[in-house]
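Down below is the structure, laid out as structure tokens.
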Amino acid sequence: MSKYLVTSALPYANGAIHFGHVVGAYLPADVYVRTLRRLGEEVHFICGTDEHGVAITIGADKEGVSYSEYVARWRGEIEATFAAFGIEFDLFSGTSTSPRHAEFSLEFFERLRDGGYLQKQTSEQLYCKSCDLFLADRYVIGGCPECGYEHARGDECPKCGAWLDPLKLISPTCKICGEEPERRDTTHFFLDLPKLRDEAVGEWFNSKDWKPNVDAFVRRLLEDVHSRPITRDMRWGVELPSELVDGEEGKVLYVWFDAPIGYVSMTAEWTAQQGDPEGWRRWWQDPETRLVHFIGKDNIPFHTLVFPSMLHGVGEDEEGRRFVLPWQVPANEFYNLEGGKFSTSEGRTIPPSEFVERYDTEVARFHLITSMPETSDSEWRWREFQATANAGLADTIGNLVTRVLRFLDKHFEGVVPEIDEAHRERLEGLLLEECGEIRDPAVHIKDFHFRKGAEQLLANAAVANVFIDRTAPWKLRKTDPTEAASVLGTCCHYLAWIAHWMTPFMPGKAQALWEMLGQRGDVAALPWPGTPSRDTWQLLTPGQGFGEIAGLFDKLDDEQIQVEIEKLEASSPTS
RNA sequence: GGCGGUGUAGCUCAGCUGGUUAGAGCGCAGAACUCAUAAUUCUGAAGUCACUGGUUCAAGUCCAGUCACCGCUACCA
172 MSKYLVTSAL PYANGAIHFG HVVGAYLPAD VYVRTLRRLG EEVHFICGTD EHGVAITIGA
232 DKEGVSYSEY VARWRGEIEA TFAAFGIEFD LFSGTSTSPR HAEFSLEFFE RLRDGGYLQK
292 QTSEQLYCKS CDLFLADRYV IGGCPECGYE HARGDECPKC GAWLDPLKLI SPTCKICGEE
352 PERRDTTHFF LDLPKLRDEA VGEWFNSKDW KPNVDAFVRR LLEDVHSRPI TRDMRWGVEL
412 PSELVDGEEG KVLYVWFDAP IGYVSMTAEW TAQQGDPEGW RRWWQDPETR LVHFIGKDNI
472 PFHTLVFPSM LHGVGEDEEG RRFVLPWQVP ANEFYNLEGG KFSTSEGRTI PPSEFVERYD
532 TEVARFHLIT SMPETSDSEW RWREFQATAN AGLADTIGNL VTRVLRFLDK HFEGVVPEID
592 EAHRERLEGL LLEECGEIRD PAVHIKDFHF RKGAEQLLAN AAVANVFIDR TAPWKLRKTD
652 PTEAASVLGT CCHYLAWIAH WMTPFMPGKA QALWEMLGQR GDVAALPWPG TPSRDTWQLL
712 TPGQGFGEIA GLFDKLDDEQ IQVEIEKLEA SSPTS
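Under this note's numbering, the first residue of the first sequence carries the number 172, and numbering increases by one thereafter.
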């Protein structure tokens, strides 16, 4: 048995998340964790909002609320979305509130400094007096020195595409307040990534098997690594005491540095809640731990290079303990929307808060998994969602359930029938070996092949439909009722398997089916059954009465879907 | 500009280190069946694997170039 520490990318607390985020970093992690738990693995699943950084201060200032209020509100919004989609973390916290976050972050800083992995560097930057802020490149507007375009950004001219140095902009202004910034020297600490790469991280990366999309990207990245600054001049962030930074005042850790440390501090927050404040070490400093980061592709450099470098660079503590490096980083690509990008500002989005009022989020979970950008960019299409809901779930699984249970309800006694010994062996052979290949979806999920796992669930359900067609119990009922009952009894047991297989993808539906079969208790609390064999496939007790028989999945009609498509087209006439 | 990715049946996508007639789901056509949410099952049609050239006994799968779309380009998170 292994120990899995699973994280999802920390969402930035300055806006709502959309399907692209959900499908990229959160839903697959949730499915993965549910699967591991059912396989009996010890798993810890954490997440929280990333709450520092200049973008948040600007957003909060614009609304005239405090940073912490602003952050708390978005955190609430984001958490509500996760709750609606059944994404359940052991702990969901935030980098500005997790009790030991500052402590851990400063410790990382100090140990990296002591290890010789930080260098000081002074440079001239643009500083806005009225905002009291050193301006990031993109917050400076000015004339392009190349083409003269007046509204070039500090990092790039949108007109001629030139790559700019903000100090060279002609009459620069602050994008936030419009004032003219001044030049000022500032000193920052840089993380020596090239050194860390050469010492250990490069070798570590090359020693592991990565998803192809991760591998190709990072190999190139490794060839051309530069030191990166990890401090900033501002108020909102993990404040660096001046004695830690050679007397420099007013420095905070740059947000990307402290954010991943949030994984550590939130683990500690969780173990403290469990009554074991130092229990986080069992996870982060045990070589047996499998650290798995679920992220979108925009986060690949941080989780395969920067954060591993930090984890390595802090070295051993006084008791010889080291941090583990990531075991796997199953990054997904980007998820688009009907041929275009998700864009909240342009209204090209599906607000989760509205979606949940009209649609079944369990069905959405399943569809998102079947369409997730596992190997390359993919997209949400309403017609595809409809097809998954109708042809995939309602017709294949939902209808299978009712065709079996209603039949039994009508013509037999509405209970799990006894399987007659005269027929048992032939029927189980037919079902298990001749009606299609039955495979374990969990095997695919463990390998991070989520789409395949979801497809396998449907394929497994289809096996029962073939079985019923071949045995034709509606005919047998008239000629040999005992055999008909045996056929349907066989089906009942198999429905229990389907309920099991559904749990990682659609936990609520799985439980509903479980109860329809007259079972009590939480199906997800039982051990994962794997695949049925001739010795193990009977899961139910004959004579067991059913719960209320109802359709498991509703169908989506064309008109409803058409409305959604038109709504999108209205918001983006060009695409 | 630099780097990377993608381009495979009408649609959405699989195809690891090159090897028999290129796959899945949906959609479509035909048939069977009637227990079931008009569901199910079977059969079938459909692809010059973006284009050009090259390496090889053999390339969707490797190399070069072209075209199209997308992403990244680091003090943005």
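Even glycine gets a Cβ: it sits at the ideal position worked out from N, Cα and C.
None of the values given here were measured: they were computed from a predicted structure.
- The closest CA to that of L289, considering only L262, L415, D308, is found on L415.
- A contact is defined here as three or more CB-CB pairs under 8 angstroms, and the stretch 510-528 fails this definition with respect to the stretch 473-492.
- Around the C-beta of D336, fewer than 16 other C-beta atoms lie within 10 Å, and the residue is accordingly described as exposed.
- The closest CA to that of V225, considering only F494, V193, S264, V423, is found on V423.
- Contact check for C663 against L711 passes: the beta carbons are separated by less than 8 angstroms.
- Judged by DSSP secondary structure, D580 falls within the alpha helix (DSSP H) whose first and last residues are 570-582.
- If you look at E353, you'll find it in the beta strand (DSSP E) that goes 353-362.
- For Q296, the uninterrupted beta strand (DSSP E) run begins and ends at 289-299, by DSSP.
- Here G219 is not near N185, since their CB atoms are 8 angstroms or more apart.
- The Cβ-Cβ distance between V527 and A255 falls below 8 angstroms.
- Each residue's CA atom was taken as its position, placing A721 and P703 some 26 angstroms apart.
- Bounds of the alpha helix (DSSP H) holding Y434 are 426-444.
- Following the DSSP letters along the chain, one finds E686 inside the alpha helix (DSSP H) bounded by residues 678-687.
- Rounded to the nearest whole angstrom, the CA to CA distance from E533 to T674 is 11 angstroms.
- Taken through DSSP and simplified to helix, strand or coil, K726 comes out as coil.
- P383 sits in a helix when the DSSP states are folded into three classes.
- Taking C-beta separations shorter than 7 angstroms and ignoring five residues to either side along the sequence, the partners of V202 in its chain run I540, I616, F621, P675, F676, following chain order.
- Sequence-distant Cβ neighbours of E213 in its own chain, meaning closer than 8 angstroms and more than five residues away, are M172, S173, K174, Y175.
- The C-beta separation of P588 from L659 comes to about 6 angstroms, placing the pair in contact by the 8 angstroms criterion.
- Bounds of the alpha helix (DSSP H) holding Y238 are 238-255.
- Cβ neighbours of F376 within its own chain (closer than 7 angstroms, five residues either side excluded): V389, L393, T475.
- The shortest CA-to-CA distance from T344 to any of F279, E321, R399, L362 is the one to E321.
- The distance from the Cβ of V396 to that of L364 is about 5 angstroms, consistent with a contact at the 8 angstroms cut-off.
- Distances from the alpha-carbon of S547 to those of R492, F537, F505 put F505 closest.
- Scanning its chain for C-beta atoms nearer than 8 angstroms, with the 5 sequence neighbours on each side dropped, one finds around G373 the residues L393, in chain order.
- In this structure, the CA atom of D566 is about 14 angstroms from the CA atom of N631.
- Look at G191 here: in three-state DSSP terms it is helix.
- Three or more Cβ pairs drawn from the stretch 575-587 and the stretch 642-658 lie within less than 8 angstroms of each other, which places the two stretches in contact.
- DSSP, reduced to helix, strand and coil, places Q690 outside both helices and strands of the structure shown, so it counts as coil.
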